[in-house]
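Structure record follows, encoded as structure tokens.
Chains as they are written, first to last, in our numbering: chain A, 12 to 123; chain B, 176 to 291.
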């Protein structure tokens, strides 16, 4: 049972344009969501997060939007840069939970 | 600098052999985790530990074993019972509970295990 789903395995975007990565979840008990970025042969690094009491969180070029009614969140990167090429994982956590639940990841490629 | 160290970076194992992956952290985190990454399947939880001398099975614990004798260390043994061990293994640590809401996990750089 995949509680966190990233339905797009890959995404290709032109440099300077907006990248939008999507994530859906099924567990209504999730109340905190995170995005991680991963380069090949490295561990993921934390990018940005959002609590369920908010619908938007912004950090520089990165913005995460949360639609609780749709159980959907998205990560916007604007403008996209070549260094943004990586795999992006969405993760979720519920109150009292002891671990994060991850999506399958989306490979983002920024083309010059 | 605090961090989490996994070793070795690359590991080759013959079929039928057990092998142990090392994970050490100096972040003073109570919780530690082992994940496995396979193409198209994201990060799947193998084992996790919230406190020394205690650990719980994750979603895919079969064929693996762990120990948590020290706060800083959480080694993972891939046994011969693991049918498909070739994968990228990631160790992570965190402050449990509320800590998951402040940036979540800190990951190591991973170990690539290949069965030959």
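Here a beta-carbon is modelled for each residue, glycine too, at the ideal position from N, C-alpha and C. Note that the coordinates shown come from a computational prediction; the quantities given were computed from them, not determined experimentally.
Taking 8 Å as the limit between beta carbons, can you name the residues of its chain near residue i, skipping five residues before and five after?
i, result
"residue 235/B", "211, 219, 220, 221"
"residue 28/A", "89, 90, 91"
"residue 122/A", "23, 24, 25, 26"
Measure the alpha-carbon distance for residue i versus residue j and round it to whole angstroms.
i, j, result
"residue 97/A", "residue 75/A", "17 Å"
"residue 51/A", "residue 229/B", "32 Å"
"residue 177/B", "residue 250/B", "19 Å"
"residue 184/B", "residue 285/B", "6 Å"
"residue 214/B", "residue 21/A", "12 Å"
"residue 179/B", "residue 95/A", "24 Å"
"residue 56/A", "residue 263/B", "16 Å"
"residue 60/A", "residue 68/A", "7 Å"
Beta carbon of residue i, beta carbon of residue j: below 7 Å?
i, j, result
"residue 202/B", "residue 255/B", "no"
"residue 227/B", "residue 246/B", "yes"
"residue 120/A", "residue 19/A", "no"
"residue 283/B", "residue 216/B", "no"
"residue 85/A", "residue 31/A", "yes"
"residue 290/B", "residue 190/B", "yes"
"residue 288/B", "residue 186/B", "yes"
My understanding is that residue i touches residue j, with C-beta atoms under 8 Å, so please give their C-beta distance in whole angstroms.
i, j, result
"residue 110/A", "residue 35/A", "Not quite, the Cβ-Cβ distance comes to about 19 Å (not below 8 Å), so this is no contact."
"residue 279/B", "residue 258/B", "Rounded, the Cβ-Cβ distance is 30 Å, inconsistent with contact."
Can you name, in chain order, every residue of its own chain whose Cβ lies under 7 Å from the Cβ of residue i, other than the five neighbours on each side?
i, result
"residue 233/B", "220, 221, 222, 223"
"residue 58/A", "46, 47, 48, 73"
"residue 192/B", "255"
For residue i, I'd like the list of residues in its chain whose CB is within less than 6 Å of its CB, leaving aside the five on either flank, ordered along the chain.
i, result
"residue 103/A", "15, 36, 41, 44, 112"
**Request:** Identify each residue in the stretch 254-267 of chain B for which the Cβ-Cβ distance to at least one residue of chain A is less than 9 Å, and report them in chain order.
**Result:** 263, 265, 266, 267
**Request:** Identify each residue in the stretch 45-65 of chain A for which the Cβ-Cβ distance to at least one residue of chain B is less than 8 Å, and report them in chain order.
**Result:** 45, 47, 52, 53, 54, 55, 56, 57, 60, 62
**Interface residues of the stretch 209-223 of chain B facing chain A [CB-CB below 7 Å]** = 215, 216, 217, 218, 220, 223
**Request:** Using a Cβ-Cβ cut-off of less than 9 Å, list which residues of the stretch 105-123 of chain A approach chain B; keep chain order.
**Result:** 107, 108, 109, 110, 111, 112, 113, 114, 115, 116
**Item:** Proximal residues, the stretch 69-95 of chain A versus chain B, C-beta separation under 7 Å
**Value:** none
**Request:** Mind checking the stretch 228-240 of chain B against chain A and listing, in chain order, the residues whose C-beta falls within less than 7 Å of any C-beta there?
**Result:** none
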